[in-house]
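Here the structure comes first, spelled out in structure tokens, and everything after it is commentary.
Numbering (the working numbering), first residue to last: 222 to 474.
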């Protein structure tokens, strides 16, 4: 299936969409990842077999979408998500957010609850620019950020380093979800591997304790890493989507 392009203001967002019944499912990827990842493709195939509407897309500066990654921020990518969900889907959707996509899906659920029927996060990384980057920078890195406006970090997921900009850090402080009340009045499932080197278990527990809502669960998978992409983990993601869909139908009946 070839990419389609949605023009969101000055940004061109690449996406793939599967027609089907609702509520639709929208996959939100992670930091520097794209819509061609294992989980996104698995869910697309799963949705097609179920005749379920499905959407995967690239944030600006990611994958096939326009823009320079280094110019982007959490707010930009949140706005991309809202814009494409509003334009390309009908009715409240089930959001599946992976890593940074978990943070963005939480922002959408908090600030645009009209768009969300249910929520599944995978190794969610809320507030990671503040708690997982800035808080862990040493004095030399903070001085480098002040001097150059950027810091380079090693990456296990790409050939080159992660370049972290001052804009990313400072804009991220406007989008934090673990400091103020986080009401999730929808069926919500947090999925987390115990062997994740990028998102510690304490983050998942903190998110569970912080969020409020009547149907929120955290599932831990012993030995699963940040990719959360082996066959058992993928099956668990699909089961979680089914679960929040069914419970959302019951809540709205």
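All residues carry an ideal CB built from backbone N, CA and C; glycine is no exception.
Rounded Cβ spacing between residue i and residue j (contact assumed at less than 8 Å)
{"i": "residue 292", "j": "residue 256", "result": "The pair is not a contact, with the Cβ atoms about 20 Å apart (cut-off 8 Å)."}
{"i": "residue 457", "j": "residue 440", "result": "7 Å"}
{"i": "residue 330", "j": "residue 337", "result": "5 Å"}
{"i": "residue 388", "j": "residue 294", "result": "6 Å"}
{"i": "residue 276", "j": "residue 309", "result": "6 Å"}
{"i": "residue 322", "j": "residue 250", "result": "5 Å"}
Where residue i falls, given that 16 or more other Cβ within 10 Å makes a residue buried
{"i": "residue 312", "result": "exposed"}
{"i": "residue 326", "result": "buried"}
{"i": "residue 273", "result": "buried"}
{"i": "residue 416", "result": "exposed"}
{"i": "residue 404", "result": "exposed"}
{"i": "residue 328", "result": "buried"}
{"i": "residue 466", "result": "buried"}
{"i": "residue 376", "result": "exposed"}
{"i": "residue 382", "result": "exposed"}
{"i": "residue 254", "result": "buried"}
{"i": "residue 444", "result": "exposed"}
{"i": "residue 270", "result": "exposed"}
{"i": "residue 266", "result": "exposed"}
Coil, strand or helix - residue i by DSSP
{"i": "residue 383", "result": "strand"}
{"i": "residue 416", "result": "coil"}
{"i": "residue 314", "result": "strand"}
{"i": "residue 233", "result": "strand"}
{"i": "residue 452", "result": "helix"}
{"i": "residue 274", "result": "strand"}
{"i": "residue 445", "result": "coil"}
{"i": "residue 395", "result": "coil"}
{"i": "residue 363", "result": "helix"}
{"i": "residue 306", "result": "helix"}
{"i": "residue 464", "result": "helix"}
{"i": "residue 403", "result": "strand"}
{"i": "residue 408", "result": "coil"}
{"i": "residue 280", "result": "coil"}
{"i": "residue 373", "result": "strand"}
{"i": "residue 474", "result": "Bear in mind that a pLDDT of 37 at residue 474, under 50, signals an unreliable position, so the model cannot answer this."}
Same chain, Cβ closer than 7 Å to residue i, five either side skipped, listed in chain order
{"i": "residue 289", "result": "282"}
{"i": "residue 296", "result": "392, 395, 396"}
{"i": "residue 436", "result": "408, 409, 468"}
{"i": "residue 384", "result": "291, 371, 373"}
{"i": "residue 227", "result": "234, 236, 305, 308, 309"}
Cutoff 6 Å; reference residue i; Cβ partners in own chain excluding five residues on either side
{"i": "residue 343", "result": "319, 412, 449"}
{"i": "residue 222", "result": "Because the pLDDT of residue 222 is 49, which lies under 50, any placement of that residue in the model is unreliable, and the number read from its coordinates should be weighed accordingly. 237, listed in sequence order."}
{"i": "residue 248", "result": "261, 264, 277, 317"}
{"i": "residue 398", "result": "327, 347"}
Distance cut-off 6 Å: residue i Cβ against heavy atoms of the ligand MG
{"i": "residue 348", "result": "Among the ligands in the structure shown, none appear at all, so the ligand MG cannot be discussed."}
Contacting residues, own chain, Cβ-Cβ under 8 Å from residue i (five flanking each side not counted)
{"i": "residue 335", "result": "313"}
{"i": "residue 224", "result": "235, 236, 237, 285"}
**Study point:** Stretch pair the segment 411-426 + the segment 384-398: three plus CB contacts closer than 8 Å
**Key:** By the Cβ criterion, the segment 411-426 is not in contact with the segment 384-398, since fewer than three pairs of Cβ atoms, one from each stretch, lie closer than 8 Å.
Review point. Within the chosen definition, does the segment 258-269 reach the segment 435-450 through at least 3 CB pairs nearer than 8 Å?
Key: As far as the Cβ criterion goes, the segment 258-269 touches the segment 435-450, which means the pair count is three or higher.
**Study point:** At least 3 beta-carbon pairs within less than 8 Å: the segment 421-434 vs the segment 358-372
**Key:** no
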